[in-house]
Every structure is written in C-alpha cells, then in structure tokens.
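Anchor point for the sequence shown: position 194 equals 193 in numbering that gives the first Met the number 0, and the numbering is continuous, going up by one each time.
Glycine included, every Cβ here is placed at the ideal spot set by N, Cα and C.
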Amino acid sequence: MIHLFQPQVGDEELSAVAEVFRDRWLGHGPRTRRFEAAFAEHLGVEPDRVVFLNSGTAGLFLAVETLDLAEGDEVVMPSMSFLAAANAVVAAGARPVFCDVDPRTMNPRWEDVEAVLTPRTRAVVVLHYGGYPGWVAEIAERCRERGLTLIEDSACSIASAVDGRAVGTFGDLAMWSLDAAKVLTTGDGGLLYARDAERAARARRLAYHGLVQPSGFGYARVSHRWWELEVPETGRRAIGNDLTAAIGLVQLRRLPEFVARRREITELYDRELADVEGLRLPPPLPAGHTSSYYFYWVQMDAEIRDEVASDLLAADIYTTFRYAPLHKVPAYRSGDRVLPATDRAAGETLCLPLHPGLGDEDVRTVAERLRKAVTSRRRTTVG
Ligand SMILES: Cc1ncc(COP(=O)(O)O)c(C=O)c1O
C-alpha cells in the first residue's frame, strides 16, 4: 500500500527517547522548555510566547478560550477547515460562520472573509491549505484594521513563510499539530503561539488546570508551600511532556530535510502529471512564498473524482479529500448557506500520497495509475 502520510521517525528519535528513559523525567520538564524555545527560535519569536501541548486541537481550544467570547459572538473560518476549529468555537459558546475559498488553492481571500462579516464577528481563523501561505498577510492587516483577532490554524504549515516571515506569526494566535500525519510529529502533540505575552501566559495556565504556579517538584526550591493552589480561573490538562518533546527536538532539527524531500516529490508530481488531460495541478507558489508541502492535490471533473479515488485504492494507493466542508455539517447549523467555490472544490479535489518515505518510483507509480484512472473514467463517464 502507498500511504497518504507516514511519520519519519528513526534511530535519532529513538535514542532521544532512550535518554529520557535514563533520566526518568517523563513529564513536563526541561526538554519541554527546550522544545518550546527551539520552536520559538524557528518562528523568530520570544520563547515565552510558545506553549507545547498534547494536541493541535488543544491549541485551538485554548486560543479560542482566550478570546472570552460571549453567546452570539461569531468567528469566521473557511468551511474547508478541520472540524477542531469549529468545535473550539462552539465549546466557547459562540458561533462558527463559514466563508468560501479560492477554488484552486483552497485558501480564503480577504473578500471571502469580508463577505460573511457581521457586527457580531469577533475573530477570524485561517488555515494554510496544504502548507500554502495564501493571503495571510493581507488578511492579518485587514483584521488588525477592524479590531478582529486572527488565529492561524497552521497545522499544515510548520515550515511555511512569506518573504521570510514564518506563517503563524502574522495573526494574534496560531497553533500547529504534531500528530502522526504531520510534517513534524511527536506522535501526538501541538504548539501554540500567542503574540501577546499576557495571553501566552494565560494560555499556559489554562493548559494546566488554571494553576498560576504548577504544584510540582520544580517549584519546591522557589516557593514556600509549593503544594498550595492558586487558581484565578479554571482550566484543563493539555500540556505536553518531556518524552514527546525529546522527539520534537530531533524532528525540528530534521525539518529542513523533510521539507526538501516533500518539495522534490511535489516537483516530480508536477512533471509527471503536467500533460494529463482533465487534471488540474496545484498552482505555482507566488514569489516570496515558501510551503511546507503538506498536501499535493489534484482537481478533476466531479463526475469522475470518486471513481478515480476507488481505482487508486484498488491499486493499493490511498488518497483522500481534505477538508470536507463544515457548512454541510448539521451540527454547525449553517442552514442552507451556499459557498460555490468550496462546494465545487469539495467535489473535484483529491489529495495524493505525500511524505518523505516515498521513493521516486512510488511517486511515478501513483502518477501513472492516476493518469490511467482519469483517462479511462473520462472516456466512460464524461464522454
Ligand atoms: C488543519 C488542522 N487543524 C487542526 C488539527 C488538529 O490537530 P491534532 O490532531 O493535533 O489535534 C488538524 C489535524 O489533523 C488539522 O489538520
């Protein structure tokens, strides 16, 4: 089977974990702080603004929690988002409002966001589809002018940048997912960034029950009665630990290698698929943009997309579509909102296998099978 994603973990990660075993400090501790500092350096921000968490979802929930939303408040996000963003808004008692996207890049333009703004809009969440930064710089500027908080769901864009500035640092808050499918993985994990120091400190407290001072061993030397509780507002337990931070530190060092291979695979797909009739490839990145190359996606006539996916599965090639539109999910109560570009892209798009574990031969096999499937399905279905 040629998989869509595959974690790139090996001997280096294993020996980092072995060291943690030897030190017998598995929980939140020095490696967690080192990982946060290393990631802050990767972003070009102050280390106290980054919090290592047990999932990207926790990052979204915490980010939204720090907005202090009230019932009836609205948060705009592309319908083509991962459902955790909408769930975080619902959990905070507010309403997710879905906007359309550019049908080729699946990223929202400012006009898409603006079209659904109301006097109740408090914040905007953008996702950088497949690692493409999209119009994040302009959206951040417009949000700032209007006093709207911008959260970047940077799950796909850990190494993406615009003119050298890391994606995730354009808005007020951002999170990254480090789950097993992501470019950089700790098995499960997440990172949260907050531009504002106070907000970052609050998110850090909320990630550990709302405690001002964690009640553990680390504080015994600096606090009288370190077991006492100071809880100005209640939180949850969503912190990362030293075992996964140790893996993260190795993965962060290897990140350029992962992205370079992903880029090679993307370019190979581009070459192999350039002349397939009926197939549209991802548009080129604009000047100054760099991607994490998280997805490689193709678009075709909606009448054949599902059959093409089945043909590839029958050939042991796993493909999928991300992200199924949220305005179609009844739980989010969007009524019969119509988002033409999203609806169209949701029927036409397929994400192909993309991970550094793929050899050139695997990529050529996927491309050749895809070419065959599209050609034969077009002949029988489209006519
Ligand atoms: C765009 C996006 N946002 C958020 C998440 C949630 O991250 P996690 O799985 O680490 O909770 C994911 C995970 O797939 C994602 O793809």
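- Judged by DSSP in its simplified three-state form, Thr56 adopts helix.
- Set against 7 Å, the gap from the CB of Gly71 to the closest heavy atom of ligand 1 is not smaller.
- In this model, Gly58 and Ile150 are separated by some 10 Å (Cα to Cα).
- Taking C-beta separations shorter than 8 Å and ignoring five residues to either side along the sequence, the partners of Val211 in its chain run Arg204, Glu229, Val230, Pro231, following chain order.
- Taking 7 Å as the cut-off, the C-beta of Ser54 counts as close to a heavy atom of ligand 1.
- Pro339: member of the alpha helix (DSSP H) spanning 339-347, first to last residue.
- Annotation: Ser222 is outside any beta strand (DSSP E) and is labelled neither H nor E by DSSP.
- Thr289 sits in a strand when the DSSP states are folded into three classes.
- Distances from the alpha-carbon of Leu242 to those of Ala87, Arg23, Thr379, Met105 put Arg23 closest.
- Between the alpha carbons of Tyr268 and Asp101 lies a distance of about 22 Å.
- Looking at Phe320, Asp315, Ile303, Ala301, the one whose alpha-carbon comes closest to that of Tyr295 is Phe320.
- Annotation: the continuous alpha helix (DSSP H) that includes Cys142 extends over 135-145.
- DSSP assignment within the stretch 81-160 yields the following whole beta strand (DSSP E) runs of 3 residues or more, N-terminal first: 94-98, 120-126, 148-152.
- Distance between Pro118 and Glu302, taken at the CA atoms: about 40 Å.
- Taking 4 residues as the minimum length, the stretch 13-41 contains no alpha helix (DSSP H) run wholly inside it.
- Around the Cβ of Ser309, a 10 Å sphere holds fewer than 16 other Cβ atoms; the residue is exposed.
- Across the set Ser176, Arg33, Pro285, the C-alpha of Pro285 shows the shortest separation from the C-alpha of Val161.
- DSSP places Pro255 inside the alpha helix (DSSP H), whose first and last residues are 241-272.
- Proximity to Asp300 across Ser291, Tyr292, Thr318, Glu276 peaks at Glu276, based on C-alpha coordinates.
- Taking the Cα positions, Ala200 is about 8 Å away from Asp47.
- Under the 10 Å beta carbon count, His223 is surrounded by fewer than 16 other beta carbons and is classified as exposed.
- For Ala83, the shortest separation between its Cβ and any heavy atom of ligand 1 lies below 7 Å.
- For Ser78, there is no enclosing beta strand (DSSP E), as DSSP gives it neither H nor E.
- Ligand 1 never approaches Ser159 closely enough for any of its heavy atoms to be under 7 Å from the residue's Cβ.
- For secondary structure counted as the alpha helix (DSSP H) over 4 or more consecutive residues, the stretch 172-215 holds these complete runs in sequence order: 196-205.
- Taking Gly334 as reference, the option from Arg194, Ala314, Pro95 with the minimal CA-CA separation is Pro95.
- Taken through DSSP and simplified to helix, strand or coil, Tyr317 comes out as coil.
- Taking the Cβ of Cys98 as the reference point, every heavy atom of ligand 1 lies at 7 Å or farther away.
- The bridge partners DSSP lists for Val49 are Tyr192.
- In the DSSP annotation of this structure, Val44 is not part of any alpha helix (DSSP H), being labelled neither H nor E.
- Contact annotation: Val44 and Thr148 have beta-carbon atoms that are not nearer than 8 Å.
- In summary, Trp134 is buried, with 16 or more beta-carbon neighbours lying within 10 Å of its beta-carbon over all protein chains present.
- When secondary structure is reduced to three states using DSSP, Leu61 falls in the helix class.
- Residue burial is scored here from C-beta neighbours: Thr380 has fewer than 16 other C-beta atoms within 10 angstroms and is therefore classed as exposed.
- Residue environment: Tyr131 is assigned as buried (16 or more neighbouring CB atoms within 10 Å of its CB, all protein chains considered).
- Across the structure, Arg252 and Tyr192 are spaced so that their CA atoms are roughly 19 Å apart.
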